[in-house]
Amino acid sequence: MNVDRRRYLQLFARYLGGEWRRATLLSLLLLLTIGLEIANPQLLRRFIDSALAGAEVSSLVTIALVFMGVAFLTQILDAFARYVGEDLGWAATNKARIDLLRHVLHLDQTFHKARTSGELIERIDGDVVALATFFSSFVVNVFGNLLLLVGIVVVVARESLLAGVAFLVFALAALGVLTRIRTVAVREWERVREVSAQMYGFIGERLAGTEDIRSSGAEWHVMNGLVQHHRDWYATRKASIVKGTFLWTGTIATFAVGHGIAFAVGGYLWATGTVTIGTVYLLFHYVELLRRPIDQLRRELEQIQRAVASLGRVEQLLNTESRLTEGRGAAIPRGAIAVDFDRVSFAYESDLVLRDVSLRIAPGGVLGVLGRTGSGKTTLARLLLRFYDPTAGAVRLGGVDARDARLAEVRARATLVSQDVQLFHASVRDNLTLFDHSISDERIRDVLERIGLGPWLRSLPDDRGLDAELRSGALSAGEAQLVAFARVFLRDPGLVVLDEASSRLDPATERHIENAIDELLDRRTAIVIAHRLATVERCDEIAILENGRVVEHGPRHALAVDPSSRFHELLRIGLEEVLA
Amino acid sequence: MSASVRTDDGLGTTRFLWHAVWFRPWRYTADNILWIGVYCSRLLPGLAAQLGFDTLQRGNADVPTVLWLAALFVGAGSVELFFQVVGMVVDVGFRFGVSGWLQRNMLAEVLRRPGARALDRTPGEAQSIFRDDVEHAENGADWTVDMIGNLVFAAVAMAILIRVNATIAILVFLPLVAIMLVAQAATTRLRRSRSATQQATSRVTGALGEILGAVQAIQIGRAEDGVVEHFRGLAEERRRYALRERAITLVTQSIYWNTVYVGTGLILLLGAQAMRTGSFTVGDFALFVSSRSRACSA
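As you go down the protein sequences, you meet chains A and B in turn. Everything in the first sequence is counted per our numbering, starting at 1 for the first residue and increasing by one. Everything in the second sequence is counted per our numbering, starting at 581 for the first residue and increasing by one.
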């Protein structure tokens with residue numbers, strides 16, 4: 001726990017450290033508010049005692065006006081403090097969110113395969129809130145309220161030690177009792193949710209099957225079922241309300257006792273002649289002032305428990321490291337690059353997906369990879385982009401081991417175009433450049449014209465062109481594929497891995513796509529995971545994968561004319577039928 | 581309500597509400613009486629304070645008397661507590677009665693219709709009517725109980741306070757109504773601003789979903805930094821909206837608390853002369869302050 005605490009403190013230092021100005025302002029505002037809150041009731045005493053002593057009306061009016069002014073100022077400062085606290089919380093959590101997102105985006109595929117995006121959203125957007133909650137709970141509420149509570153007890157103790165002790169005992173007891181009641185009430189409330197979920201489930205099912213119910217004459221049976229569910233529902237609602245009322249009334253009862261104690265102590269001191277009646281009222285008023293800190297402290301204690309759990313998860317995520325170690329920075333040559341699989345084996349968990357694969361492609365060459373689903377084609381492609389490192393052997397790009405170059409370098413020089421194109425709710429420009437603002441509009445337009453998306457760009461509503469928001473459904477499957485190609489052209493890599501779309505496209509887009517592929521393969525090395533004969537015909541060499549092994553590899557022309565080759569067989573039966 | 585909970589004879593909202601609350605008149609009456617008790621019992625601590633301070637001020641209180649008076653506070657709290665607990669329990673019965681009655685009638689009606697056109701909407705929508713609209717109806721019926729309780733509380737409180745000091749009572753409590761109306765208007769404003777925050781939030785989570793669903797594409801495209809910047813823009817936008825919403829909430833709350841505290845000052849201001857001459861006692865002051873804060877929380 002101690003180690004944990006130190007780690008949480010580090011987390012705080014990281015995200016709140018930069019916000020120290022706002023944090024200082026917040027602390028000052030809090031102290032000022034608390035001071036004013038404790039001081040103001042003193043004016044009430046002064047007023048009562050002066051009035052009873054027959055002071056001038058003008059001086060009484062002054063006290064009243066000062067009281068109003070201070071009360072007003074306290075509220076304004078309090079609101080301001082809360083605003084600053086909120087601002088601080090957002091600043092810190094947004095910073096944490098951004099860090100987490102960046103961190104997650106740099107984690108390897110093994111990590112992402114094991115998690116749903118929903119889970120990660122919860123970590124990044126949900127659990128992070130705990131950072132703000134923890135801060136506001138700890139600093140603003142627990143610290144502030146404790147200070148207010150202690151301040152009141154001290155001020156009261158200065159009036160009379162007896163009263164001070166009474167207040168302290170009362171505050172602690174109230175806190176203890178109210179905290180305990182709360183836990184019971186929350187548990188009951190969860191049960192109500194459960195039972196009503198069951199009941200609405202029952203209603204929903206019956207509503208979906210009215211026809212069956214009528215045809216089998218089971219109406220009476222269904223109504224009976226509803227009555228049964230109602231009985232449960234009523235019973236849990238009642239139980240929860242009864243226990244919930246304890247929480248509600250717990251405060252009433254506690255403060256009734258509190259007022260009783262204040263009056264008893266004050267009255268006793270008054271009867272024995274130690275204090276004025278204004279002081280008795282002061283004590284009475286201070287009990288009321290205790291209401292807020294006690295109520296908030298009680299709630300915070302619960303929140304903190306929840307926040308600790310969330311913080312733990314955030315911390316854990318930040319400490320997860322990518323399995324891919326960053327390379328030492330070897331440079332991959334410019335232009336088309338040679339690709340070399342040198343006795344590569346790869347196991348995902350314990351499944352051997354690739355076995356001793358050796359393939360070599362000269363700069364500018366085009367290799368067609370054929371094989372059924374699960375033969376290891378996709379893994380082969382991913383190794384080239386260093387999504388994984390081989391279990392044995394090495395993948396070399398332009399003679400450089402992929403593990404030696406920096407990840408960014410590998411993915412700048414090699415890229416993958418796959419059939420599912422990810423589009424974002426952002427401008428057309430951002431979707432094409434993938435948020436890289438260094439690419440000029442001129443270049444983007446140029447690329448779009450070249451691959452045949454020019455007319456599409458001009459057809460966008462309001463003439464906003466690249467600034468238009470890309471709406472889902474605004475692109476056909478073929479156009480989306482072209483967007484993916486545009487992304488590649490804008491980056492100009494030396495190696496393209498093309499995971500070809502297996503679905504059929506309309507002839508017009510298909511022609512555009514054929515042209516785009518021609519351009520794509522021009523002066524670049526390419527590995528094509530082909531599904532169609534038209535694409536295979538572009539390849540210089542063919543490799544056929546089966547169960548993670550290369551079972552055939554050679555120049556396309558030679559294989560096509562060799563009747564004993566698998567490729568020949570494939571061409572005879574029909575590529576589309578076998579590989580679909 | 582009439583639009584959502586459809587019945588064949590097309591009841592209007594008011595008549596529908598009337599049916600919902602009056603189908604078991606005794607339960608409704610009992611619920612009302614108890615809730616009038618709940619609200620009015622909130623005046624008891626103030627009355628106990630008035631009695632207590634007045635006794636002290638008269639100067640004839642010895643220690644046993646003081647202890648009896650202190651016990652009075654606990655007694656007042658107990659009465660409040662009693663009404664609250666019993667009120668809640670009877671209320672849950674009343675509320676369940678309304679919901680159960682509606683759900684049974686609706687289901688029976690659905691089952692009575694010929695199977696093929698039993699529902700004029702999808703089962704999902706129909707289920708939400710069984711849940712959400714029935715809950716609204718339940719709240720609506722219960723709201724009448726709250727309303728009546730509040731009105732009686734206001735009348736009783738006003739009567740007590742006017743008997744103590746009519747000028748202060750009227751001058752202090754009438755502005756209260758006005759301020760509460762202003763706060764109400766701010767709440768409407770708040771609702772609008774909240775929807776802006778919700779939209780910004782859904783843009784943030786939407787973008788996160790897209791990004792986390794496209795991690796591989798982002799890594800292939802080396803777009804990690806660009807995407808993070810894109811997300812930063814959306815997150816900051818949400819922060820701005822959330823802060824604006826917060827500011828409005830804080831102003832509303834401030835108005836509310838100022839009503840309570842500045843109002844206390846107003847009582848002092850108006851009571852200065854009367855308190856000097858002894859016609860407005862410390863006890864009266866305690867009663868006014870207490871009633872005022874109860875009225876604000878009601």
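Glycine included, every Cβ here is placed at the ideal spot set by N, Cα and C. These figures come from a predicted structure and were not determined experimentally.
Three-state secondary structure (DSSP) of residue i
i               : result
V358 of chain A : This sequence places Ser at residue 358 of chain A; Val is not what is there. Looking at S358 of chain A - three-state DSSP - the assignment turns out to be strand.
L131 of chain A : helix
W20 of chain A  : helix
R323 of chain A : coil
E541 of chain A : strand
D436 of chain A : coil
S345 of chain A : strand
A878 of chain B : Caution is warranted here: a pLDDT of 47 is assigned to A878 of chain B, below 50, making its placement in the model unreliable, and the coordinate value is therefore given only provisionally. Note: A878 of chain B maps to coil in three-state DSSP.
S584 of chain B : Note that S584 of chain B scores 39 on pLDDT, short of 50, meaning its location in the model is unreliable and no value can be drawn from it.
G806 of chain B : helix
D562 of chain A : coil
L495 of chain A : strand
H553 of chain A : strand
V752 of chain B : helix
M1 of chain A   : Caution applies to M1 of chain A, whose pLDDT of 43 falls short of 50 and renders its modelled position unreliable; the value that the coordinates give is listed next. Note: M1 of chain A maps to coil in three-state DSSP.
V142 of chain A : helix
D420 of chain A : coil
S216 of chain A : coil
V70 of chain A  : helix
R692 of chain B : helix
G590 of chain B : With a pLDDT of only 48 at G590 of chain B, under the threshold of 50, the placement of this residue in the model should not be trusted; the figure read from the coordinates follows. Residue state, collapsed to three classes: coil.
E569 of chain A : helix
Best match in the options for proximity to residue i [C-alpha to C-alpha]
i               : options                           : result
L120 of chain A : A:P507, A:L107 and A:A64          : A:L107
L521 of chain A : A:I337, A:D441 and A:F263         : A:I337
R471 of chain A : A:A426, A:V483, A:L495 and A:E37  : A:A426
W723 of chain B : B:V744, B:V690, B:D700 and B:F674 : B:F674
K243 of chain A : A:T210, A:G267 and A:W189         : A:W189
N431 of chain A : A:T391, A:L490, A:A381 and A:R411 : A:L490
F72 of chain A  : B:D864, B:Q664 and B:Q833         : B:Q833
G374 of chain A : A:V447, A:R566, A:T525 and A:Y348 : A:Y348
I800 of chain B : A:E469, A:D340, A:R511 and A:T415 : A:T415
R566 of chain A : A:V369, A:I517, A:W233 and A:Q198 : A:V369
S322 of chain A : A:L60, A:G371 and A:H112          : A:H112
Partner residues on chain B for residue i, Cβ-Cβ distance less than 8 Å
i              : result
V61 of chain A : L849 and A852
Any non-hydrogen atom of the ligand HEM within 7 Å of residue i CB
i              : result
V70 of chain A : Looking for the ligand HEM in the displayed structure turns up nothing, as the structure carries no ligands at all.
7 Å Cβ cut-off: residues of chain A touching residue i
i               : result
W837 of chain B : Q75
P703 of chain B : G204, L207 and A208
A717 of chain B : Neighbours of A717 of chain B on chain A: none; closest Cβ ~15 Å, over 7 Å.
Beta-carbon gap between residue i and residue j smaller than 8 Å
i               : j               : result
L623 of chain B : S871 of chain B : yes
A688 of chain B : A875 of chain B : no
Y836 of chain B : F733 of chain B : no
L317 of chain A : R97 of chain A  : no
V265 of chain A : L162 of chain A : yes
T433 of chain A : E479 of chain A : no
V550 of chain A : V357 of chain A : yes
F663 of chain B : S621 of chain B : yes
L43 of chain A  : V66 of chain A  : yes
L367 of chain A : A543 of chain A : yes
A600 of chain B : A706 of chain B : no
Contact list for residue i against chain B, beta-carbon separation under 9 Å
i               : result
K238 of chain A : V669, V672, G673 and F676
A412 of chain A : R802
F284 of chain A : A629, G632, F633 and A866
Proximal chain A residues relative to residue i, where beta-carbon distance stays under 8 Å
i               : result
L699 of chain B : L207 and T210
Practice item. Residues of the stretch 773-799 of chain B with a CB closer than 9 Å to any CB of chain A: list them in chain order, please. Key: T781, R783, V784, T785, G786, A787, L788, G789, E790, I791, L792, G793, A794, V795, Q796, A797, I798 and Q799
**Study point:** Members of the stretch 662-682 of chain B near chain E, C-beta cut-off 7 Å
**Key:** No chain E is part of this structure, whose protein chains are labelled A and B.
Practice item. Please name the residues in the stretch 799-815 of chain B whose beta-carbon is closer than 8 Å to at least one beta-carbon of chain A, in chain order. Key: Q799, I800, G801, R802, A803, E804, D805, G806, V807, V808, E809, H810, F811, R812 and A815
Exercise for review: Give the residues from the stretch 207-228 of chain A that approach chain B closer than 7 Å (Cβ to any Cβ), ordered along the chain.
Suggested key: L207, A208, T210, E211, I213, R214, S215, E219, V222, M223 and L226
Exercise for review: Please name the residues in the stretch 32-59 of chain A whose beta-carbon is closer than 7 Å to at least one beta-carbon of chain B, in chain order.
Suggested key: F47, I48, A51, G54 and V57
Exercise for review: Compile a chain-ordered list of the residues in the stretch 258-282 of chain A whose CB is closer than 9 Å to at least one CB of chain B.
Suggested key: G258, H259, G260, I261, A262, F263, A264, V265, G266, G267, Y268, W270, A271, T272, I277, G278, V280 and Y281
Exercise for review: Could you list the residues in the stretch 597-614 of chain B with a C-beta less than 8 Å from some C-beta on chain A, going in chain order?
Suggested key: none
Exercise for review: Closer than 8 Å, Cβ to Cβ, to anything on chain B: give me those residues from the stretch 308-319 of chain A, in chain order.
Suggested key: none
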